[in-house]
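K.L.:
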Amino acid sequence: MGDSVRSVLSRSEAGGSVTLEGWLRTARHGKEVSFLALSDGSCFAPIQVVANPELDEFESVVRSLGNGCAVRVEGEVVASPGKGQSLEVHATRVELVGGVEDDYPLQKKRHGFEYLRTIAHLRPRTNTFGAVLRVRNVAARAIHEFFQERGFVWLHSPIVTLSDAEGAGQMFRVTQLPADDPPRTEDGAVDFGQDFFGAEAHLTVSGQLEAEIGALALSKVYTFGPTFRAEDSNTSRHLAEFWMVEPEMAFCDLAGDMDLAEEFLKHTLAAVLEGCADDMEFFEQRVSKGILETLQHVVDSPFERLSYTEAVEILEKSGREFEYPVRWGVDLQSEHERYLTEEHVKRPIVVRDYPREIKAFYMYLNDDEKTVGAMDVLVPKIGEIVGGSQREHRLEVLRTRLADHGLSEEQYWWYLDLRRHGSAPHAGFGLGFERLVQFMTGMANIRDIAPFPRVPGNAEF
RNA sequence: UCCCCGGUAGCUCAGCUGGCAGAGCAAGCGGCUGUUAACCGCUGGGUCGUAGGUUCGAGUCCUACCCGGGGAGCCA
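Numbering (numbering that gives the first Met the number 0), first residue to last: 0 to 460.
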């Protein structure tokens with residue numbers, strides 16, 4: 000391994016020899032000089048390599064280099080006389096490691112994101128996707144830092160599960176039974192008892208129920224891993240496979256949960272603003288004007304907090320004609336969420352205490368018995384980025400709620416058992432990692448946040 | 001899944017009420033003494049998403065399907 004472009008560009012002065020390996024973004028050839036813009040993905044900017052005819056391989060190698068070639072360059076770090084960069088590398092040796100064919104698809108111009116999705120094996124070499132992947136990485140590191148600094152234990156929740164986590168969404172089935180002729184029970188149903196796990200199994204839609212197990216032993220845990228939804232959702236905010244972050248805290252109520260969510264978002268945004276400054280500057284210039292100011296504002300100012308009841312009153316008094324009229328008792332629609340966060344307060348907003356009928360069975364029943372201790376964090380453009388709640392820890396209340404939702408106690412036996420032995424108030428939330436990165440970067444489509452997006456009808460790459 | 005829009009050269013797109021398929025960039029060749037998405041000249045490059053239909057004649061009109069995008073629903 001040679002030196003990284005990042006380490007060379009971050010030097011304060013010229014001098015010294017380096018070896019660089021990477022891919023050419025552009026190659027400009029003059030009669031007496033060639034300029035090679037070399038990028039190795041270690042940072043946003045490429046480094047300018049200057050090659051002169053004194054090089055033995057100037058005619059045989061350098062003159063034929065083009066966009067996309069993999070090269071190894073040895074040279075001296077010198078001050079650049081040209082504009083646009085302070086340092087450059089004067090090559091003493093240039094080696095072509097891997098050439099490109101004539102139909103190399105990435106060109107020295109702007110490509111559409113739709114097209115780049117069809118060449119996901121090459122798109123990480125573009126400015127935009129390199130930046131997205133670096134931001135993703137720093138955001139993931141910041142998430143671990145945030146929880147680890149606060150004493151949370153990373154819990155590895157399972158990917159294959161028999162429970163259907165409160166019906167959070169359509170699930171992908173995991174089976175070894177032959178698709179064309181599965182074994183049947185006497186009444187003709189598919190006999191999953193003969194399947195690999197001895198029961199019908201699925202990919203997880205949430206690690207929350209397992210996180211509750213962890214919290215009721217280790218006090219503070221979080222999950223961070225892949226999650227799967229088989230919904231036929233075709234939007235700029237949905238993936239069939241995405242990463243979810245789910246902290247869970249024992250001896251914690253909804254207020255503590257909201258505090259954690261706000262601190263969490265501010266910490267990760269600040270980490271990316273600081274750790275990916277050049278990538279973020281690119282998003283500001285080329286992807287979403289104003290994104291830096293928006294993010295800094297989120298970091299600096301307290302989130303607006305409203306009860307569902309107050310939110311409905313604001314919407315009713317807004318004088319706005321909504322496609323779906325609001326009234327107490329119905330869930331907030333995308334248009335309502337957008338009005339609240341984009342127009343009413345112009346920053347993130349936390350809505351809490353939703354009607355019990357529209358929320359999951361495991362949420363804590365408030366004293367008014369009409370609402371549950373749920374909270375959603377809504378942000379401009381994305382909508383719901385965090386959804387959380389205080390969990391119902393009282394056995395009898397939980398049994399009633401299960402029955403109200405038509406769910407069987409047998410299937411949730413261990414979840415109920417947790418309430419029989421050493422139950423304690425606890426709360427947590429779930430956050431879609433790609434939605435967080437989407438919010439950070441201002442990218443319009445979540446399919447350009449996942450390096451290898453899985454959506455209905457497409458899992459190539 | 002529903003509604004709307006789109007699919008023309010490697011890429012971005014133009015192509016009018018049906019009448020010889022185009023441009024810029026990329027690629028190849030040549031030129032240019034330090035460029036910044038370099039620039040200048042020349043050359044090659046097409047099953048107009050697929051299958052039917054209407055017509056003397058379809059990139060253009062009709063039908064079905066496939067693929068992509070935007071919005072909605074579902075949700076994170």
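Heads up, the beta-carbon is just placed ideally off N, CA and C, and yes, glycines get one too.
Could you tell me whether the region 146-159 touches the region 200-208, where touching means 3 or more Cβ pairs closer than 8 Å?
P.N.:
Judged by Cβ distances under 8 Å, the region 146-159 makes contact with the region 200-208, as three or more pairs qualify.
K.L.:
If you draw a straight line from the C-alpha of residue 273 to the C-alpha of residue 378, how long is it?
P.N.:
The residue labelled residue 273 in the question sits at position 274 within the first sequence. The residue labelled residue 378 in the question sits at position 379 within the first sequence. Approximately 21 Å, taken between the alpha carbons.
K.L.:
If we call anything under 8 Å between Cβ atoms a contact, is residue 76 one with residue 13?
P.N.:
In the first sequence, counting from the first residue as 1, residue 76 sits at position 77. In the first sequence, counting from the first residue as 1, residue 13 sits at position 14. Yes, Cβ-Cβ distance for residue 76 and residue 13 is below 8 Å.
K.L.:
Roughly how many angstroms separate the alpha carbons of residue 49 and residue 278, rounded to a whole number?
P.N.:
As a first step, residue 49 must be located in the first sequence, where it is residue number 50. As a first step, residue 278 must be located in the first sequence, where it is residue number 279. The straight-line gap from Cα to Cα measures roughly 25 Å.
K.L.:
Out of 135, 91 and 66, point me to the one whose CA is closest to residue 101's CA.
P.N.:
Stepping through the first sequence from its first residue, residue 101 is reached at position 102. Closest option to residue 101, Cα to Cα, is 66.
K.L.:
Could you give the DSSP three-state label for residue 295: helix, strand or coil?
P.N.:
Position 296 of the first sequence, counted from the first residue, corresponds to residue 295. Residue state, collapsed to three classes: helix.
K.L.:
When you compare each of 120, 383, 446 and 111 to residue 264 by their alpha carbons, which one comes out closest?
P.N.:
The residue you call residue 264 lines up with position 265 of the first sequence. Taking only the C-alpha atoms, the option nearest residue 264 is 383.
K.L.:
Which residue from 230, 247, 19 and 388 puts its Cα closest to that of residue 89?
P.N.:
Walking along the first sequence from the start, residue 89 turns up at place 90. When each option's Cα is compared against that of residue 89, the closest is 19.
K.L.:
Tell me, please, which residues DSSP counts as bridged to residue 246.
P.N.:
For the purposes of this step, residue 246 is identified with residue 247 of the first sequence, where counting begins at 1. Its beta-bridge partners are 221.
K.L.:
Where are the alpha helix (DSSP H) runs, 4 residues long or more, that stay fully inside the region 304-356, in chain order?
P.N.:
Runs found: 307-316 and 333-337.
K.L.:
Could you check the C-alpha separation between residue 207 and residue 152 for me, to the nearest Å?
P.N.:
As a first step, residue 207 must be located in the first sequence, where it is residue number 208. As a first step, residue 152 must be located in the first sequence, where it is residue number 153. Approximately 14 Å between the Cα atoms of the pair.
K.L.:
Short of 8 Å in beta carbon distance, which residues of its chain neighbour residue 422, apart from the five on each side in sequence? Order them along the chain.
P.N.:
Translated into the one-based positions of the first sequence, residue 422 becomes position 423. Contacts found: 215, 392, 393 and 394.
K.L.:
Taking three-plus beta-carbon pairs below 8 Å as touching, is the region 434-443 in contact with the region 119-132?
P.N.:
As far as the Cβ criterion goes, the region 434-443 touches the region 119-132, which means the pair count is three or higher.
K.L.:
With DSSP as the reference, please indicate the residues paired to residue 404 in a beta bridge.
P.N.:
For the purposes of this step, residue 404 is identified with residue 405 of the first sequence, where counting begins at 1. Partner(s): none; residue 404 has no beta bridge.
K.L.:
Which residues does DSSP list as the beta-bridge partners of residue 425?
P.N.:
As a first step, residue 425 is located in the first sequence; it is residue number 426 there, counting from the start. Looking at the DSSP assignment, residue 425 forms a beta bridge with 249 and 390.
K.L.:
Pull the bridge partners of residue 233 from the DSSP assignment, please.
P.N.:
On the first sequence, residue 233 is found 234 positions in, with the first residue counted as 1. The partner list for residue 233 (beta bridge, DSSP) is empty, contrary to what the question assumes.
K.L.:
With H, G and I counted as helix, E and B as strand and the rest as coil, what does DSSP make of residue 54?
P.N.:
Walking along the first sequence from the start, residue 54 turns up at place 55. Reduced to three states, the DSSP call for residue 54 is coil.
K.L.:
Alpha carbons only, please: which of 93, 293 and 46 is nearest the one belonging to residue 55?
P.N.:
Sequence index remark: in the first sequence, residue 55 carries index 56 (1-based). When only C-alpha atoms are compared, the closest one is 93.
K.L.:
In the DSSP assignment, what are the bridge partners of residue 209?
P.N.:
Within the first sequence, the letter at position 210 stands for residue 209. None, per the DSSP bridge assignment.
K.L.:
Kindly confirm or deny that the region 251-270 and the region 288-308 touch, where touching means at least three C-beta pairs closer than 8 Å.
P.N.:
Yes: the two stretches touch, three or more of their Cβ pairs being nearer than 8 Å.
K.L.:
What are the residues that DSSP puts in a beta bridge with residue 61?
P.N.:
For the purposes of this step, residue 61 is identified with residue 62 of the first sequence, where counting begins at 1. DSSP output for residue 61 lists no bridge partner at all.
K.L.:
Can you tell me whether residue 150 sits near the ligand ZN, meaning its C-beta is under 7 Å from at least one heavy atom of the ligand?
P.N.:
No copy of the ligand ZN appears in this structure; indeed no ligand is present at all.
K.L.:
Grab me the residues of residue 120's own chain with a C-beta within less than 8 Å of its C-beta, minus the 5 sequence neighbours each way, in chain order.
P.N.:
Taking the first residue of the first sequence as position 1, residue 120 is located at position 121. Same-chain partners within the cutoff: 460.
K.L.:
Looking at the unbroken alpha helix (DSSP H) that takes in residue 416, where does it start and where does it end?
P.N.:
If you number the first sequence from 1, residue 416 lands on position 417. It spans 412-419 - the alpha helix (DSSP H) in which residue 416 sits, taken as one unbroken run.
K.L.:
Hey, how far is the Cα of residue 254 from the Cα of residue 349?
P.N.:
Locating residue 254 in the first sequence gives position 255, where the first residue counts as 1. Locating residue 349 in the first sequence gives position 350, where the first residue counts as 1. Approximately 11 Å, taken between the alpha carbons.
K.L.:
What do you reckon, are the CB atoms on residue 387 and residue 249 nearer than 8 Å?
P.N.:
Residue numbering aside, residue 387 sits at position 388 when the first sequence is read from its first letter. Residue numbering aside, residue 249 sits at position 250 when the first sequence is read from its first letter. The answer is no: Cβ separation not under 8 Å.
K.L.:
Is it the case that the Cβ atoms of residue 275 and residue 425 are separated by a distance below 8 Å?
P.N.:
Along the first sequence, one-based indexing puts residue 275 at 276. Along the first sequence, one-based indexing puts residue 425 at 426. Result no, Cβ atoms of residue 275 and residue 425 do not sit closer than 8 Å.
K.L.:
Taking the Cβ atom as the reference point for each residue, do residue 46 and residue 105 lie within a distance shorter than 8 Å?
P.N.:
The sequence position of residue 46 within the first sequence is 47, counting from 1. The sequence position of residue 105 within the first sequence is 106, counting from 1. For residue 46 and residue 105, no; Cβs fall outside 8 Å.
K.L.:
For the alpha helix (DSSP H) that contains residue 146, what are its first and last residues?
P.N.:
Within the first sequence, numbered from 1, the residue matching residue 146 stands at position 147. That run of the alpha helix (DSSP H) goes 126-148.
K.L.:
Please classify residue 29 as buried or exposed, where buried requires at least 16 neighbouring CB atoms within 10 angstroms.
P.N.:
On the first sequence, residue 29 is found 30 positions in, with the first residue counted as 1. By the neighbour-count rule (16 or more Cβ atoms within 10 Å), residue 29 is not buried but exposed.
K.L.:
Starting from the C-beta of residue 27, find all residues in its chain whose C-beta is less than 6 Å away, skip the five residues before and the five after it, and write them out in chain order.
P.N.:
Mapped onto the first sequence, residue 27 falls at position 28. If we look at residue 27 and ignore the five residues flanking it on each side, its Cβ neighbours are 34.
K.L.:
Excluding the 5 residues preceding and the 5 following residue 25 in the sequence, name in chain order all residues of the same chain whose CB lies nearer than 7 Å to its CB.
P.N.:
In the first sequence, counting from the first residue as 1, residue 25 sits at position 26. Taken in chain order, the residues that qualify are 36, 66 and 107.
K.L.:
Using three-state DSSP, classify residue 47 as helix, strand or coil.
P.N.:
Counted from its first residue, the first sequence places residue 47 at position 48. It is a strand residue.
K.L.:
Enumerate in chain order the residues of its own chain whose CB-to-CB distance from residue 290 is below 6 Å, with the five nearest sequence positions on each side excluded.
P.N.:
Here residue 290 refers to the residue found at position 291 of the first sequence. Contacts found: 282, 283 and 441.
K.L.:
State the DSSP-derived secondary structure class of residue 0, mapped to helix, strand or coil.
P.N.:
The count along the first sequence starts at 1 and reaches residue 0 at position 1. Looking at residue 0 - three-state DSSP - the assignment turns out to be coil, as it is neither helix nor strand.
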